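For the sequence shown, the residue numbers in mature numbering (1 follows the signal peptide of the UniProt record, and there is no 0) are -33 to -1, 1 to 145.
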Amino acid sequence: MLLGILRALQKACTCVCICLCVLCLDIYALGNAAVNEPPNPFSLPKDGSYYLKQYAPMLRSYVEQVKKQSLEQDYPYYDRRPVIEYSVYRTYTDSQKLKWRGGLVLIGAYIAEFIKYSHLGGVGVGARLTPNSESFYLSFDGRYLSDLESFGLGQEIFAYCVLPRFDKCIMLGIGEEW
C-alpha cells in the first residue's frame, strides 16, 4: 500500500515538473516577441513603416544632398544611371528633360491621393512635395501595395523612379532586401 502511494506521488510530481517546464518554456519563448520590444531582432510584425520611421532622417538628408548636387549639375549615379532630385527636374525645359530619358529621379514626397491598383500596372500613387503643392503620380510594382496601404494618406515616402514617365519606381527605406 505504501509502495502504491509513493508511485502515485512520484507520477504526480513528474507530471507537475513537466507542466512547469513547459510553462516556463512558453513564457520564455513569448518573451519580448509577444510585445515586439527592441531587444528581439526577430519579433514580428515589421512592415515598411517600422523601417521608414528609422531611415527617414537619413533619407531626407540624402534628398537634400542630391538636390544640392543637382543644382550644381554634379549628379550622383545609381547603378550607372544619373540621379536628379525631383524639384530640380521639374524646373527643366522639355529639351533638358529629354536628355534625362532612362535616368532616375529621387523623390521625397507625401502620399496625397488614393492608391490605385491594377494586376497589370502595379500601384499608382498621387504624391506632393509639400501638403499644398500640386500632385504628381508615381507608378510602383504591385509588391508595394501592402506597404502603401498601411502608410495611408499623408505619409512621407522616398523613391527612385525611371524618367520620363515616373514609372518602375522603387521605394527606399522600407527594409526591402535587395
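Quick reminder that beta carbons are idealized off the backbone N, C-alpha and C, glycines included.
All values derive from a computational prediction rather than experimental measurement.
Query, Result
"CA-CA distance, residue 30 and residue 69?", "19 Å"
"So does the segment 120 to 129 actually touch the segment 76 to 86, counting three or more Cβ pairs closer than 8 Å?", "yes"
"From 49, 117, 110, 90, pick the residue whose C-alpha is nearest to that of residue 19; which is it?", "117"
"Tell me where the beta strand (DSSP E) around residue 64 begins and ends.", "Residue 64 -> not in any beta strand (DSSP E); alpha helix (DSSP H) instead, spanning 61 to 65."
"In the DSSP assignment, find the unbroken alpha helix (DSSP H) run with residue 41 in it and report its ends.", "Counting along the chain, residue 41 falls outside any alpha helix (DSSP H), and DSSP gives it neither H nor E."
"Rounded to a whole number of angstroms, what is the C-alpha to C-alpha distance between residue 162 and residue 138?", "The structure shown has nothing for residue 162, since the chain only spans -33 to 145."
"Would you call the CB atoms of residue 45 and residue 111 closer than 8 Å?", "no"
"Under 8 Å, with one C-beta from each stretch per pair, do the segment 30 to 40 and the segment 84 to 92 reach the 3-pair mark?", "no"
"Here's a check: name, in chain order, each residue in its chain whose Cβ is nearer than 6 Å to the Cβ of residue 142, leaving out the five neighbours to either side.", "18"
"Report the residue from 81, 114, 95, 71 whose alpha carbon sits nearest the alpha carbon of residue 136.", "71"
"State buried or exposed for residue 41, treating a residue as buried only when at least 16 other CB atoms are found within 10 Å of its CB.", "exposed"
"Between the alpha carbons of residue 60 and residue 54, how many angstroms are there, rounded?", "13 Å"
"Counting only the same chain and skipping the five closest in sequence on each side, list residues whose C-beta sits under 8 Å from that of residue 95.", "76, 77, 79, 101, 102, 103"
"Given that a residue counts as buried once 16 or more other Cβ atoms are within 10 Å of its Cβ, and exposed if not, what is residue 119?", "exposed"
"Compare the Cα-Cα distances from residue 108 to each of 98, 97, 82 and report the closest residue.", "82"
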